[in-house]
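Chains as they are written, first to last, in my numbering: chain A, 1 to 304; chain B, 1001 to 1251.
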């Protein structure tokens, strides 16, 4: 059964797209993060133009994170003050990223930009996660929370100006640090079609040293509103959001997520970080291969 | 009753074609559809062309989208990474160019004639304009473009796909891929004898987005604020709703 996607301008198999959504939702359910960074490359693989893939990916995450964000809100597990400060940065970052795509669509290499963002971000994140779980395996659990006292980035963030109290989290944080963090997440959301959970969650734990009880809720809040803003900006500037595609993916991912949550309870947390790091690295390497392997055609005529 | 009427009209139409074709030896080409709707179920479309050809002539049939200037990028290696390097413009080239003929086109018409009439790939190389220095020579760029479009199903040039019956009735079928752009597509039929076009016929098919597809595309292009809000709120609504449903199932 095929369905024509109005913005992607192509026909796709409905079950295939629901299945893709399901796979992505499943991983999201298991790991709590990692929906977006898998979705965009998969969409590009079935022939969706890269700009449509990233914009629609963000739109899908709006729906995927909505339920979690509202549940956290009703349980009072969100530091709204801190989240709002992050959002200032992500709005500016999202705007910058969307404009960058708009510019490169005209002068070329928009695919390259998206690919390179993936290779860098996934390579770094995957390597960091593998390293962290290796250290944990060698030195025993608990080292992560000890090093919580101050990695180099956390110490740098502590020295930045405009330190403010955030009573809900019980921490002090620099507004400059929050702006930069939010900005980076906003840019990545626009360029990669992700919510930025893989970056924001470790940053909240290790850099801002927020208590775990508010990290999950606040990251949901941040992811939801970042992708809301980015989806809107992509629709405004690049007209690359495919509503049909987003909703079909969402139908698959909500079901997949429920299955993932059930499976996730049975996996040991230690294994789970290694598996996630493995997936991240495989996708990163896959994107890198696309960059260095000679293309089939030496002319880019704008068609996908 | 309706079916009888349709049958009569069909027979009448066909005999008219035959009589006209036999008497005046003129070329008549028809396609059963004037309009192709891109609906939610659209996944490409076969286009049938049939008609009557002058006796003992060969046929060339083309289906083309409206020509437009194309801005493309040449890819090159920078360090270890392949990227878009040089801008190339190709003047007045259709997105879709499908050509079928009863014999290979280069045996039927010389290149100059084909270029003048816009048949097949003739003369594309001459329309390649470099903005910078260019990496590949014109001919190579043209070949890359043709190979890429052929792989996408947008270009085709094939002989033998026109069936001619009794030396005068002919029939051929084109396939438009699913990712064609909307527009006015033109079907041209040429009857060729001794290296010259003796008759020529033309008809048009308009490819349009229809129904929900047209509505969504127009909204995205012309009312981007509304469309952006719709994208955000429909995803929000679906996310929250499914959350509630699963919570109920879970409980």
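Using N, Cα and C, we set each Cβ at its ideal position, and we do this for glycine too.
At a cut-off of 8 angstroms between beta carbons, residue 1132 of chain B makes no contact with chain A. A Cβ-Cβ contact shorter than 8 angstroms links residue 1088 of chain B with residue 1141 of chain B. Around the beta carbon of residue 1151 of chain B, fewer than 16 other beta carbons lie within 10 angstroms, which makes this residue exposed. Distance between residue 1133 of chain B and residue 1069 of chain B, taken at the CA atoms: about 19 angstroms. The continuous stretches of beta strand (DSSP E) do not include residue 1166 of chain B, and DSSP gives it neither H nor E.
Judged by DSSP secondary structure, residue 290 of chain A falls within the alpha helix (DSSP H) whose first and last residues are 269-292. For residue 25 of chain A, the closest alpha carbon among the candidates A:292, A:280, A:253 and A:49 is that of A:253. DSSP, read as helix, strand or coil, puts residue 240 of chain A in coil. With respect to the C-alpha of residue 1099 of chain B, the residue from B:1067, B:1188, B:1112 and B:1078 having the closest C-alpha is B:1188.
The segment 1075-1089 of chain B and the segment 106-117 of chain A touch, with three or more beta-carbon pairs separated by less than 8 angstroms.
Beta-bridge pairing by DSSP links residue 1076 of chain B to B:1083. Residue B:1156 holds the alpha-carbon nearest to the alpha-carbon of residue 1065 of chain B among B:1028, B:1156 and B:1135.
Contact annotation: residue 87 of chain A and residue 182 of chain A have beta-carbon atoms nearer than 8 angstroms. Taking C-beta separations shorter than 6 angstroms and ignoring five residues to either side along the sequence, the partners of residue 281 of chain A in its chain run 126, following chain order. Taking residue 20 of chain A as reference, the option from A:6, A:9 and A:53 with the minimal CA-CA separation is A:53. In the DSSP secondary-structure assignment, residue 299 of chain A is bridged to B:1074. Using a Cβ distance threshold of 8 angstroms, residue 188 of chain A and residue 121 of chain A count as a contacting pair. Boundaries of the beta strand (DSSP E) around residue 1156 of chain B: 1155-1159. Contact annotation, residue 213 of chain A with residue 79 of chain A: C-beta distance approximately 10 angstroms; criterion of less than 8 angstroms not satisfied. Distance from the Cα of residue 247 of chain A is smallest, within the candidate group B:1114, B:1235 and B:1211, for B:1235.
Counting along the chain, residue 1149 of chain B sits inside the alpha helix (DSSP H) bounded by residues 1138-1152. A direct Cα-to-Cα measurement between residue 1136 of chain B and residue 290 of chain A gives close to 22 angstroms. Annotation: the continuous beta strand (DSSP E) that includes residue 1130 of chain B extends over 1128-1130. Here residue 1053 of chain B has 1027, 1059, 1168, 1170 and 1191 as same chain residues with Cβ atoms under 6 angstroms from its own Cβ, once five neighbours each way along the sequence are excluded. Taking 3 residues as the shortest admissible run, the segment 26-87 of chain A contains no complete beta strand (DSSP E) segment at all. Residue state for residue 1208 of chain B is assigned as strand, using DSSP reduced to three classes. Annotation for residue 1099 of chain B: the continuous beta strand (DSSP E) segment containing it runs 1097-1101. Within the segment 63-81 of chain A, the residues whose Cβ lies closer than 8 angstroms to some Cβ of chain B are 63, 64, 65, 66, 67, 68, 70 and 71, listed in chain order. Listed along the chain, the chain A residues whose CB falls inside 9 angstroms of the CB of residue 1096 of chain B amount to none; the nearest CB is some 11 angstroms away.
Excluding residues up to 5 positions away in sequence, 20, 23 and 24 lie with their Cβ nearer than 8 angstroms to the Cβ of residue 42 of chain A in the same chain. Contact check between the segment 1215-1228 of chain B and the segment 51-71 of chain A: fewer than three CB pairs, one atom from each, fall below 8 angstroms, which does not count as touching. Contact annotation: in the segment 1074-1085 of chain B, residues whose CB is within less than 7 angstroms of a CB in chain A are 1074, 1075, 1080, 1081, 1082, 1083 and 1084.
Interface residue (Cβ-Cβ distance to chain A less than 8 angstroms): residue 1232 of chain B is classified as such.
Unbroken alpha helix (DSSP H) stretches of 4 residues or longer found wholly inside the segment 193-222 of chain A: 197-202, given in chain order. With fewer than 16 neighbouring CB atoms inside 10 Å of its own CB, residue 271 of chain A falls in the exposed class. For residue 13 of chain A, the three-state secondary structure derived from DSSP is strand.
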